[in-house]
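Chemist:
Number of protein chains: 2
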Amino acid sequence: MPTAVNETDAVTSEHSEPAVPASRPPTLQDVADRAGFSRALVSIVIRGVPGASETTRQRVLEVADQLGYRPDGRARLLAAGRSKLIGVTLGLDNPFHSDVAAGIYQAAEASGYQVVLSAVTASRTAQQAVETLLDYRCEAAVLVGPLVPVASLLALTERLPVVVVGQSARSRAADVVRVPAAVGLGLAVDHLVSLGHRRITHVDGGRAPGAVERRTGFTSAMRRHGLAGTATIVRGGGDEEAGAAAARELVDGGLPTAVITYNDACAVGLLDMFVRLGVTVPGDVSVVGYDDSKVARLSYLRLTTVSQDGRRLAAVAVERLIERLDRQPDGRRATSELKREVLVPPRLVVRATTAAVRQPG
Amino acid sequence: MPTAVNETDAVTSEHSEPAVPASRPPTLQDVADRAGFSRALVSIVIRGVPGASETTRQRVLEVADQLGYRPDGRARLLAAGRSKLIGVTLGLDNPFHSDVAAGIYQAAEASGYQVVLSAVTASRTAQQAVETLLDYRCEAAVLVGPLVPVASLLALTERLPVVVVGQSARSRAADVVRVPAAVGLGLAVDHLVSLGHRRITHVDGGRAPGAVERRTGFTSAMRRHGLAGTATIVRGGGDEEAGAAAARELVDGGLPTAVITYNDACAVGLLDMFVRLGVTVPGDVSVVGYDDSKVARLSYLRLTTVSQDGRRLAAVAVERLIERLDRQPDGRRATSELKREVLVPPRLVVRATTAAVRQPG
DNA sequence: AGACGGCACTAGAGCGCTCTAGTGCATCGT
DNA sequence: ACGATGCACTAGAGCGCTCTAGTGCCGTCT
Chain H
1 MPTAVNETDA VTSEHSEPAV PASRPPTLQD VADRAGFSRA LVSIVIRGVP GASETTRQRV
61 LEVADQLGYR PDGRARLLAA GRSKLIGVTL GLDNPFHSDV AAGIYQAAEA SGYQVVLSAV
121 TASRTAQQAV ETLLDYRCEA AVLVGPLVPV ASLLALTERL PVVVVGQSAR SRAADVVRVP
181 AAVGLGLAVD HLVSLGHRRI THVDGGRAPG AVERRTGFTS AMRRHGLAGT ATIVRGGGDE
241 EAGAAAAREL VDGGLPTAVI TYNDACAVGL LDMFVRLGVT VPGDVSVVGY DDSKVARLSY
301 LRLTTVSQDG RRLAAVAVER LIERLDRQPD GRRATSELKR EVLVPPRLVV RATTAAVRQP
361 G
Chain B
1 MPTAVNETDA VTSEHSEPAV PASRPPTLQD VADRAGFSRA LVSIVIRGVP GASETTRQRV
61 LEVADQLGYR PDGRARLLAA GRSKLIGVTL GLDNPFHSDV AAGIYQAAEA SGYQVVLSAV
121 TASRTAQQAV ETLLDYRCEA AVLVGPLVPV ASLLALTERL PVVVVGQSAR SRAADVVRVP
181 AAVGLGLAVD HLVSLGHRRI THVDGGRAPG AVERRTGFTS AMRRHGLAGT ATIVRGGGDE
241 EAGAAAAREL VDGGLPTAVI TYNDACAVGL LDMFVRLGVT VPGDVSVVGY DDSKVARLSY
301 LRLTTVSQDG RRLAAVAVER LIERLDRQPD GRRATSELKR EVLVPPRLVV RATTAAVRQP
361 G
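What follows is the structure in structure tokens.
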């Protein structure tokens, strides 16, 4: 039963509201005073480390709960010397990145680390985002999405372990966890070839990040199947608009039997324009996307696509980081140690936009 | 010219790299020692407050730069008593929310506040997100996206100023900054009516957030034009799939001359399905979306839509928060003070999916 | 000349926490 | 009976910073 603990009246509490309604949030000292123990012992209980008897533990937790005590993150970080903080920079506009971020939260918190997000936006550069992380004294950083300039990447890696997720860093200074895009394109090509397709076009990503690797992945997969002669590439891009433009170009210039796009957004634009131009999918042409984004799963599209598992990438990245962190528990950084690139293979999700070729060509 | 400042060799520096490559990040004390001043004075310079001569200021900044000094956010927050921190909870999957978040960064940093993001994901509840913000001792919080349960909203508001962005909180405990959806639907109806449309259908959002207000906004706007008789509503939803389903239903049951959807994603699905079914837009039917999301702007869609300005919402929210913060500079919260709802009017962006009705009726 | 105001600067006390080095006390082996 | 061991607990320093209350020192007013 809730008892008033203060000259101020206790609020009607749901289960264990703070009995002190406002003023100043309760501190460790407050809990200690009230429970009749030292600050240090209360700290032990709160952190859940051994060193207190079961009865005191109960008592302290009870009081802490009563007071609505929550440890002050800042003070805790400061005093502990280490912060148990993993910083994440990410662009806010990409669903894949959001997915990775969600995975990082999960993985980090499972390992007892906290996560602090620092967004890159139109008005907030990657540089700024990284500096914020530094200011919070993160122990490690995960860079997902818009890549920071090589210069600040270098500056960052010499201060803490860094892993870049999702794209190959343009420097060997950081660990990289990414999906081998070439493998993904290979899967797509294999799938189409097994359906009898020969004339396959890749609508590439233009100068979008990772476009080059997907393009060369396509080319070499086609070569592997002895189809270098019937492989074509048309210029595309990372959004629906580019896909729509590519569709027009394909219809004008003669359709292949199958198309693999740079990503799902591009595929959506392509599909939409195909429909407008009277091209049926997968009747006239099969289409494979890349990303397995939310849109690919929609029942009216059911896009066959290459899935890169963001949560898995995140899990691997965090694992890698913690491993490095544990290797050198003091502040020393092993800059000399070689950085690794971890590849998380993608998988192909076959849905409704691919089918056996109508007339093998 | 870079000079070695330490027994460790200086790294080749780009402009002002830390001369101490690793170990421990430099502290205020380090800068003070090196510059020959007291910690306090260096602090004054770093914070940019008056109280140091111009020459010392120069000197201190020079040394700080040389050492690569960056203030420790945590310690700073702790010591200052106030944190100048604005916490933001947001869902990571909604582009509109990302937009708001970007606006918050901009507005907050312009006012000398820092921003800490706390994401709500599948594995991380709104409750957890809010608690993280509390742990960082944010001075204020902006809640955007998936609304926290009323109970934790209450718990939060009694501790710090809170503003909910984008949707009406289900309690009057917090300030709300949002777009009056009814006005947005009104704009859409006005526009269509001025183009001669009478038979207008609203594809609603089902149980999606805010769907009710948009639906009633539609109804009352139609009534205002004396078109209650020709207004129809069909069940939709917040994604492309719902739009596609609604399109099928409309084609089967007899087309109106214009459709207003719950949001852009829904409109996209609708448009796509229309194309597949041979319905031309805006020839046979005009379509208006809601959100002005990225997809609406694509040149192959050019969707007429209602735009809610995320950055503006964010700016207003931050302004409101800071105002409250300044009103009571000490820790006391004025719970009694009444909360306000600020409405930021939307505007209609006319693009290519609306046109004059072919045969009025 | 003495008092005074203002400026540049410093000493030192915390902010809320963690952590090391204890203290006291019961239990144990010999 | 003695010290040794282990356990529950505490004192106090200190993380990196900010901030209050100073200390000198110079110029100015009477």
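As you go down the protein sequences, you meet chains H and B in turn. Mapping of the first sequence onto UniProt numbering: position 134 corresponds to residue 134, and the numbering continues sequentially without gaps. Mapping of the second sequence onto UniProt numbering: position 290 corresponds to residue 290, and the numbering continues sequentially without gaps. Note that the Cβ used here is the ideal one computed from N, Cα and C, for glycine as well.
Between residue 279/H and residue 316/H, is the Cβ-Cβ spacing less than 9 angstroms?
Modeler: no
Chemist: Alpha carbon to alpha carbon, how far is residue 92/B from residue 102/H? Give it in angstroms, no decimals.
Modeler: 8 angstroms
Chemist: Looking at chain B, is there any beta carbon in it that lies within less than 9 angstroms of the beta carbon of residue 93/H?
Modeler: At least one chain B Cβ lies under 9 angstroms of residue 93/H.
Chemist: Could you please tell me which residues of the stretch 155-186 of chain B, in chain order, have their CB closer than 8 angstroms to any CB of chain H?
Modeler: Answer set for the stretch 155-186 of chain B: 155, 158, 159.
Chemist: Within 9 angstroms of any Cβ in chain H, is that where the Cβ of residue 289/B sits?
Modeler: no
Chemist: Does the pairing of the stretch 165-178 of chain H with the stretch 198-205 of chain H give three or more beta-carbon distances under 8 angstroms?
Modeler: no
Chemist: Got a sec: is the Cβ-Cβ distance from residue 211/H to anything in chain B below 9 angstroms?
Modeler: By this cut-off, residue 211/H is not an interface position.
Chemist: Name the chain H residues whose beta carbon is nearer than 9 angstroms to that of residue 272/B?
Modeler: Within 9 angstroms Cβ-Cβ: 268, 271, 272, 275, 300, 301.
Chemist: I need the straight-line Cα distance from residue 153/H to residue 307/H, nearest angstrom please.
Modeler: 28 angstroms
Chemist: Quick one: does residue 282/B have its CB under 9 angstroms from some CB of chain H?
Modeler: no
Chemist: Along the UniProt domain "HTH lacI-type" (26-80) of chain B, what residues have a CB closer than 8 angstroms to any CB found in chain H?
Modeler: 70, 71, 72, 73, 74, 75, 77, 78
Chemist: Select from 130/H, 192/H, 143/H, 29/H the residue whose C-alpha is nearest the C-alpha of residue 257/H.
Modeler: Selected option, being the one with the closest Cα: 192/H.
Chemist: Alpha carbon to alpha carbon, how far is residue 137/B from residue 175/B?
Modeler: Going by the C-alpha atoms only, they are around 20 angstroms apart.
Chemist: What are the complete beta strand (DSSP E) segments, minimum 3 residues, inside the stretch 282-331 of chain H?
Modeler: 286-291, 304-307
Chemist: Going by DSSP, what residue range makes up the beta strand (DSSP E) through residue 90/B?
Modeler: 85-91
Chemist: If you measure between the beta carbons of residue 305/H and residue 289/H, is that distance less than 9 angstroms?
Modeler: yes
Chemist: Using a Cβ cut-off of 8 angstroms, pull out every chain B residue sitting near residue 137/H, in sequence order please.
Modeler: 25, 72, 73, 74
Chemist: What residues of chain B sit near residue 105/H, judged by a beta carbon separation below 8 angstroms?
Modeler: By Cβ distance, chain B contributes 119, 121, 123, 124.
Chemist: Throw me the rounded Cβ distance for the residue 94/B and residue 48/B pair, which I believe falls under 8 angstroms.
Modeler: Not a contact, Cβ separation roughly 37 angstroms.
Chemist: Less than 8 angstroms between the CB atoms is what I'm expecting for residue 322/H and residue 98/H, so what's the real figure, rounded?
Modeler: Contact flag wrong, Cβ pair sits at about 22 angstroms.
Chemist: Listing by chain order, which chain H residues have their CB less than 8 angstroms from the CB of residue 102/B?
Modeler: 92, 119, 121, 122, 123, 124
Chemist: Which residue wins for smallest C-alpha separation from residue 109/B, given the options 107/H, 128/H, 104/H?
Modeler: 128/H
Chemist: Would you verify that the beta carbon of residue 239/H is, or is not, closer than 9 angstroms to some beta carbon of chain B?
Modeler: yes
Chemist: I'd like to know whether the C-beta of residue 323/B is nearer than 9 angstroms to at least one C-beta of chain H.
Modeler: no
Chemist: Please identify the residue among 327/H, 311/H, 326/H whose C-alpha is closest to the C-alpha of residue 100/H.
Modeler: 311/H
Chemist: Is the beta carbon of residue 163/B less than 9 angstroms from the beta carbon of residue 150/B?
Modeler: no
Chemist: Taking only runs of the beta strand (DSSP E) that begin and end inside the stretch 151-176 of chain B, which ones reach a length of at least 3 residues, in chain order?
Modeler: 162-165
Chemist: Based on Cα-Cα distance, which residue from 107/B, 72/B, 358/B lies nearest to residue 132/H?
Modeler: 72/B
Chemist: Counting contacts by CB-CB distance shorter than 9 angstroms, is residue 109/H in contact with chain B?
Modeler: yes
Chemist: Looking at chain B, which residues of the stretch 213-232 of chain H have a Cβ within less than 7 angstroms of any of its Cβ atoms?
Modeler: none
Chemist: Shorter than 9 angstroms from the beta carbon of residue 86/H to some beta carbon of chain B?
Modeler: no
Chemist: With DSSP collapsed to three states, give me the class of residue 352/B.
Modeler: coil
Chemist: So residue 271/H is in the beta strand (DSSP E); what residue range does that whole segment cover?
Modeler: Counting along the chain, residue 271/H falls outside any beta strand (DSSP E), though it belongs to the alpha helix (DSSP H) covering 264-276.
Chemist: Leaving out the 5 sequence neighbours to the left and right, which residues in its chain are closer than 6 angstroms to residue 353/H when beta-carbon positions are compared?
Modeler: 281, 282, 287, 303, 304
Chemist: Within 10 angstroms of its Cβ, does residue 54/B collect 16 or more other Cβ (buried), or is it exposed?
Modeler: exposed
Chemist: Across the stretch 236-248 of chain H and the stretch 258-278 of chain H, are there enough close Cβ pairs to call them in contact, namely three or more that are closer than 8 angstroms?
Modeler: yes
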